[in-house]
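Student: Chains A and B, in that order, give the protein sequences. Residues in the first sequence are numbered consecutively from 1, following the numbering used here. Residues in the second sequence are numbered consecutively from 1001, following the numbering used here. Note that the Cβ used here is the ideal one computed from N, Cα and C, for glycine as well.
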Amino acid sequence: MQLHGWEAALFYVLAIMTLFMAVFVVTARVAVHSALFLISTLVNVALLFILLRAEFVAGVQILVYVGGVMVLFLFVIMLVQTRAEEESRVRLYTGQTWPAVIIALLLAGSFYFAMSPAQAAFRPPDATTAIAETAERASAGAGLNISKDTQEVGEQLYRQAALPFEIASLLLLVAMVGAVLLARGTKQEKYYE
Amino acid sequence: MRISNCESRNSQSAIRNPQFVMVPLSWYLGLSALLFTIGAVGVFIKRNAITIFLCIELMLNAVNLTFVSLSGFFGDVGGQLFVFIVMTVAAAEAAVGLAIIISIFRNRESLNVDEVDTLKL
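1. Below 8 Å, how does it come out for the region 153–161 of chain A and the region 1078–1094 of chain B: are there three or more Cβ pairs, yes or no?
2. Identify every residue that forms a DSSP beta bridge with Asn-1107 of chain B.
3. Taking the straight line between their C-alpha atoms, what separation do you get for Ser-147 of chain A and Glu-55 of chain A?
4. Against chain A, with Cβ distances strictly below 7 Å, would Asn-1107 of chain B count as a contact?
5. Mind checking the region 30–41 of chain A against chain B and listing, in chain order, the residues whose C-beta falls within less than 9 Å of any C-beta there?
6. Let me make sure I understand the geometry here. Which of B:Leu-1025, B:Val-1023 and B:Leu-1060 has the alpha-carbon closest to that of Ala-1040 of chain B?
7. My output table needs one value for Lys-148 of chain A: the three-state DSSP class, helix, strand or coil.
8. Which residues mark the beginning and the end of the alpha helix (DSSP H) in which Asn-1061 of chain B is found?
9. Residue range of the alpha helix (DSSP H) that Ile-200 of chain A falls in?
10. What's the gap between the Cα of Asn-1017 of chain B and the Cα of Met-70 of chain A?
11. So Ile-62 of chain A is in the alpha helix (DSSP H); what residue range does that whole segment cover?
12. Starting from the C-beta of Asp-149 of chain A, find all residues in its chain whose C-beta is less than 7 Å away, skip the five residues before and the five after it, and write them out in chain order.
13. Which residues in chain B have a C-beta closer than 7 Å to the C-beta of Pro-164 of chain A? List them in chain order.
14. Can you give me, in chain order, the residues of the region 1056–1067 of chain B that have a beta carbon less than 9 Å from any beta carbon in chain A?
15. By the 10 Å Cβ neighbour count, where 16 or more other Cβ atoms means buried, how is Asn-44 of chain A classified, buried or exposed?
16. Taking Met-17 of chain A as the query, report the chain B residues whose CB atoms sit under 9 Å from its CB, ordered along the chain.
17. Across the region 1026–1043 of chain B and the region 98–106 of chain A, are there enough close Cβ pairs to call them in contact, namely three or more that are closer than 8 Å?
18. If the cut is a Cβ gap below 7 Å, which residues of chain B does Met-78 of chain A touch?
19. Going by CA-CA distance only, name the one from B:Arg-1106, B:Asp-1117 and B:Ala-1090 that's closest to Ala-175 of chain A.
20. State yes or no: is the C-beta of Tyr-1028 of chain B within less than 7 Å of the C-beta of Ser-1069 of chain B?
Written as structure tokens, this is what we have:
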């Protein structure tokens, strides 16, 4: 599972775009812009998933995150928009910017030190096998090379993770009921009581 | 090929095998660590409750990227199952959280988290 050639170049382009879009999510002044930048980050991450041959997760990311969760976010933003942030005198950030930067540096450092002992295990096992893999993939032809990722994920999901799957459906039901209960207005509350 | 050779001068596998440019796993993990850190900074410094929520989604997605990259490099599908569950939890969390945000906005006409520091009115 190594990327090389144009796939590696594509990885770097996607990684840089993802990072920029993520920074724009934090720095955008209007909440709708933040949400749109987050959508673009999520699409970039989905493309990275495709580069990792995880097509099922990429599709779910586009359908569930971009198509479901982010649309929900946009609707709520439009419901509650006060347009106060658009004026330049309104402060966007809390007064905790320096503590936040220090905590972020500590976080990044701890990620680095958590990863560095395991670095040896992350090396690609053998470069020649990777080259052979590419040659094989190229000779197999573009149209015939159907990924088995979705099939494998489905099998594993129902064989190993059937109970978490059912718990997840229950969780979604509870969340749905809770959301309806929390978001009803005073008029509706009177009507039901 | 020449362009991508310049780009990954730091990557170890490119030195070992100069003919091919490769992306080692640590680049994926570094990318997701940076994404998570950006999300955490956003949670710390933003004042709008909805933007804080968006940053939480960003952090969840960084974790998903870690899961998928480890699953891809070690050839184990288990990581993608975790991503599936994480996405379910994220969807549930977004639904409940946005409902809470709507009811807060209905009571206070503001989404500034500095003003919403108590749960009761």
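Tutor: Quick look at the numbers:
1. yes
2. Position 107 of the second sequence holds residue 1107 of chain B. Note: Asn-1107 of chain B sits in no beta bridge, so no partner.
3. Within the first sequence, numbered from 1, the residue matching residue 147 of chain A stands at position 147. Within the first sequence, numbered from 1, the residue matching residue 55 of chain A stands at position 55. Between Ser-147 of chain A and Glu-55 of chain A, the C-alpha separation is close to 8 Å.
4. In the second sequence, residue 1107 of chain B corresponds to position 107, counting from 1. Chain A contact via Cβ: absent.
5. Ala-31, Ser-34, Ala-35, Phe-37, Leu-38 and Thr-41
6. If you number the second sequence from 1, residue 1040 of chain B lands on position 40. Checking every option, the nearest Cα to that of Ala-1040 of chain B belongs to B:Leu-1060.
7. Along the first sequence, one-based indexing puts residue 148 of chain A at 148. Three-state result, Lys-148 of chain A: coil.
8. Residue mapping note: residue 1061 of chain B aligns to position 61 of the second sequence, counting from 1. That run of the alpha helix (DSSP H) goes 1049–1074.
9. An answer regarding residue 200 of chain A cannot be provided, because it is not within the stretch 1 to 193 covered by chain A.
10. Within the second sequence, numbered from 1, the residue matching residue 1017 of chain B stands at position 17. Within the first sequence, numbered from 1, the residue matching residue 70 of chain A stands at position 70. Caution applies to Asn-1017 of chain B, whose pLDDT of 43 falls short of 50 and renders its modelled position unreliable; the model cannot decide the point.
11. Looking up residue 62 of chain A in the first sequence gives position 62. Counting along the chain, no alpha helix (DSSP H) covers Ile-62 of chain A, and no H or E run does either.
12. Translated into the one-based positions of the first sequence, residue 149 of chain A becomes position 149. Taken in chain order, the residues that qualify are Arg-53, Ala-54, Glu-55 and Phe-56.
13. Indexing the first sequence from 1 puts residue 164 of chain A at position 164. Under the 7 Å cutoff, chain B gives Ile-1085.
14. Glu-1057, Leu-1058, Asn-1061, Ala-1062, Asn-1064, Leu-1065 and Phe-1067
15. Sequence index remark: in the first sequence, residue 44 of chain A carries index 44 (1-based). Classification for Asn-44 of chain A: buried.
16. On the first sequence, residue 17 of chain A is found 17 positions in, with the first residue counted as 1. Residues of chain B passing the Cβ test: none, with the nearest at roughly 11 Å.
17. yes
18. In the first sequence, the residue the question calls residue 78 of chain A occupies position 78. Within chain B, no residue comes near Met-78 of chain A; the closest Cβ sits about 11 Å away, beyond 7 Å.
19. What you label residue 175 of chain A is simply residue 175 of the first sequence in a count that begins at 1. Measuring from the Cα of Ala-175 of chain A, the nearest candidate turns out to be B:Ala-1090.
20. For the purposes of this step, residue 1028 of chain B is identified with residue 28 of the second sequence, where counting begins at 1. For the purposes of this step, residue 1069 of chain B is identified with residue 69 of the second sequence, where counting begins at 1. Yes, they are a contact pair.
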